[in-house]
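Q:
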Amino acid sequence: MAEDGNKTIADIAVEKADPDIPRILAAEFVGTMFLVATIIGSGMMGDNLSTDDGVALLGNTLATWGILFVLITVFGPVSGAHFNPVVTVVFFLRQEIRILQTLVMIPAQVLGGILGAIAAHGMFNVVAVEFEGKDRNTHGEFFSEIVATVGLLVTILGCIHGGEKDKIPMAVGLFITAGYWFTLSTSFANPAVTIARSFTGTFAGISTESFGAYFGGQAVGTVLAIVFCQWIFAKKTFAKAVMTLVRNGE
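Take a look at the structure:
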């Protein structure tokens with residue numbers, strides 16, 4: 001738990017948790033909606049403007065970086081700007097948000113993401129839902145999601161530990177920007193976004209058959225990141241880091 005003099009955005013949200021649950025849910029719903037709409041919409045725009053997948057991916061990358069910076073900056077003081085069940089679970093395990101808040105935030109993220117996919121289709125005159133996404137279920141993509149999830153969480157928790165929480169919007173945006181290019185999976189690192197992107201058959205889509213590889217990688221990456229951060233930032237032994245994870249998850 002963060003010290004009183006160095007509160008994280010999540011700490012602020014916890015203090016307001018009961019009266020502000022509707023606002024927190026709205027922030028997570030709307031934020032995830034805009035995030036997914038940007039990912040899918042920019043993918044379609046890039047695909048429309050160029051036959052070169054590299055050019056389309058570059059446009060997709062830059063748009064995602066931009067929207068992450070904006071959304072985390074705007075909604076951070078309201079909900080912590082998770083937009084990602086993995087991040088929400090980690091802050092719960094760190095005892096920075098309560099179980100009720102965790103249980104309502106995750107559905108808000110998933111539903112917001114799905115609406116974002118539908119909104120992107122509407123803006124580009126595509127049928128509302130297309131379950132025709134790409135197969136992304138190779139071993140490389142599974143491993144990529146482990147790496148991407150570890151990297152994302154270490155970025156967030158490292159900023160908090162170093163007293164640089166104001167730099168989280170830029171740091172997260174930059175990590176995901178890099179992840180688009182150095183991971184085969186293009187760095188989803190987010191179960192809500194993964195589900196939402198199964199609702200599109202466009203450039204950014206993913207098949208439901210690929211869920212196992214992506215969810216599995218994200219789950220493994222989450223566990224590894226928690227243990228690693230307990231060791232490197234909290235300076236616990238490996239055994240104590242594992243025990244902290246187990247104890248907080250009970």
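Numbering-wise, the sequence shown is residues 1 to 250 according to UniProt numbering.
Don't be surprised by glycine CBs; every beta carbon is placed ideally from N, CA and C.
Remember, predicted model here, so these are calculated numbers, not experimental data.
1) Indicate the three-state DSSP secondary structure (helix, strand or coil) for residue 106 in the structure shown.
2) When DSSP labels each residue in this structure, what does residue 23 get in the three-state scheme?
3) Under 7 Å between the Cβ atoms of residue 168 and residue 221?
4) In its own chain, which residues sit with a C-beta less than 6 Å from the C-beta of residue 244, not counting the 5 before and 5 after it?
5) Give a yes or no on contact between the stretch 127-142 and the stretch 201-214, applying the rule of three or more CB pairs nearer than 8 Å.
6) Taking the straight line between their C-alpha atoms, what separation do you get for residue 256 and residue 73?
7) Give the C-beta separation of residue 35 and residue 223 to the nearest angstrom, bearing in mind that I take them to be a contact with Cβ-Cβ under 8 Å.
8) Could you tell me the alpha carbon to alpha carbon distance between residue 296 and residue 202, rounded to whole angstroms?
9) With burial defined as no fewer than 16 other Cβ atoms inside 10 Å of the residue's Cβ, what is the status of residue 25: buried or exposed?
10) From what residue to what residue does the alpha helix (DSSP H) around residue 51 run?
11) Hey, residue 37 and residue 120: beta-carbon distance below 7 Å or not?
12) Within a Cβ cutoff of 8 Å, which residues of the same chain sit near residue 236, ignoring the five residues on either side of it in sequence?
13) Pick from 107, 105, 171 and 111: whose alpha carbon is nearest that of residue 67?
14) Take the Cβ of residue 96 as the centre, count every other Cβ of all protein chains shown within 10 Å, and call the residue buried at 16 or more, exposed below.
15) May I ask you to report which of helix, strand or coil DSSP gives residue 37?
16) Determine the burial state of residue 247: buried for a count of at least 16 other Cβ atoms within 10 Å of its Cβ, exposed for fewer.
17) So is the beta-carbon of residue 71 under 6 Å away from any non-hydrogen atom of the ligand COA?
18) Pop quiz: residue 196 and residue 116 are said to be a contact at Cβ under 8 Å. What is the actual Cβ separation, rounded to whole angstroms?
19) Throw me the rounded Cβ distance for the residue 205 and residue 132 pair, which I believe falls under 8 Å.
20) Please report the Cβ distance between residue 41 and residue 124, rounded to the nearest whole angstrom; I am assuming they are in contact, meaning their Cβ atoms lie under 8 Å.
21) By the three-class DSSP mapping on this structure, what secondary structure does residue 236 have?
22) CA-CA distance, residue 219 and residue 227?
A: In this structure, then:
1) Counting from 1 along the sequence shown, the entry for residue 106 is found at position 106. If DSSP states are grouped into helix, strand and coil, residue 106 belongs with the helices.
2) On the sequence shown, residue 23 is found 23 positions in, with the first residue counted as 1. Helix at residue 23.
3) Counting from one through the sequence shown, the residue named residue 168 turns up at place 168. Counting from one through the sequence shown, the residue named residue 221 turns up at place 221. Contact: no.
4) Looking up residue 244 in the sequence shown gives position 244. Here the set comprises 230.
5) yes
6) Only positions 1 to 250 of the chain appear in this structure, which leaves residue 256 out of reach.
7) Here residue 35 refers to the residue found at position 35 when the sequence shown is read from its first residue. Here residue 223 refers to the residue found at position 223 when the sequence shown is read from its first residue. With a Cβ gap of about 24 Å, residue 35 and residue 223 do not count as contacting.
8) Look at the range of the chain in this structure, 1 to 250, and you will see that residue 296 is not part of it.
9) Within the sequence shown, the letter at position 25 stands for residue 25. Classification of residue 25: buried, given that the 10 Å Cβ count is 16 or more.
10) The residue you call residue 51 lines up with position 51 of the sequence shown. Run containing residue 51: none; DSSP gives neither H nor E here.
11) Sequence index remark: in the sequence shown, residue 37 carries index 37 (1-based). Sequence index remark: in the sequence shown, residue 120 carries index 120 (1-based). In contact: residue 37 and residue 120 (Cβ atoms closer than 7 Å).
12) As a first step, residue 236 must be located in the sequence shown, where it is residue number 236. The answer, listed in chain order, is 230 and 244.
13) To locate residue 67, count along the sequence shown from 1; it is residue 67. Considering only alpha carbons, the answer is 171.
14) Counting from 1 along the sequence shown, the entry for residue 96 is found at position 96. That one is buried.
15) Here residue 37 corresponds to residue number 37 of the sequence shown, with the count starting at 1. Here residue 37 sits in helix by DSSP.
16) Residue 247 sits at position 247 when you count from the first residue of the sequence shown. Its Cβ having fewer than 16 others within 10 Å, residue 247 is exposed.
17) The model depicted lacks the ligand COA and carries no ligand whatsoever.
18) As a first step, residue 196 must be located in the sequence shown, where it is residue number 196. As a first step, residue 116 must be located in the sequence shown, where it is residue number 116. Rounded, the Cβ-Cβ distance is 6 Å, consistent with contact.
19) For this step, residue 205 is matched to residue 205 along the sequence shown. For this step, residue 132 is matched to residue 132 along the sequence shown. Yes, residue 205 and residue 132 are in contact; Cβ-Cβ is about 7 Å, under 8 Å.
20) As a first step, residue 41 must be located in the sequence shown, where it is residue number 41. As a first step, residue 124 must be located in the sequence shown, where it is residue number 124. That pair is a contact at about 7 Å.
21) What you label residue 236 is simply residue 236 of the sequence shown in a count that begins at 1. Three-state result, residue 236: coil.
22) The count along the sequence shown starts at 1 and reaches residue 219 at position 219. The count along the sequence shown starts at 1 and reaches residue 227 at position 227. Each residue's alpha carbon lies about 13 Å from the other.
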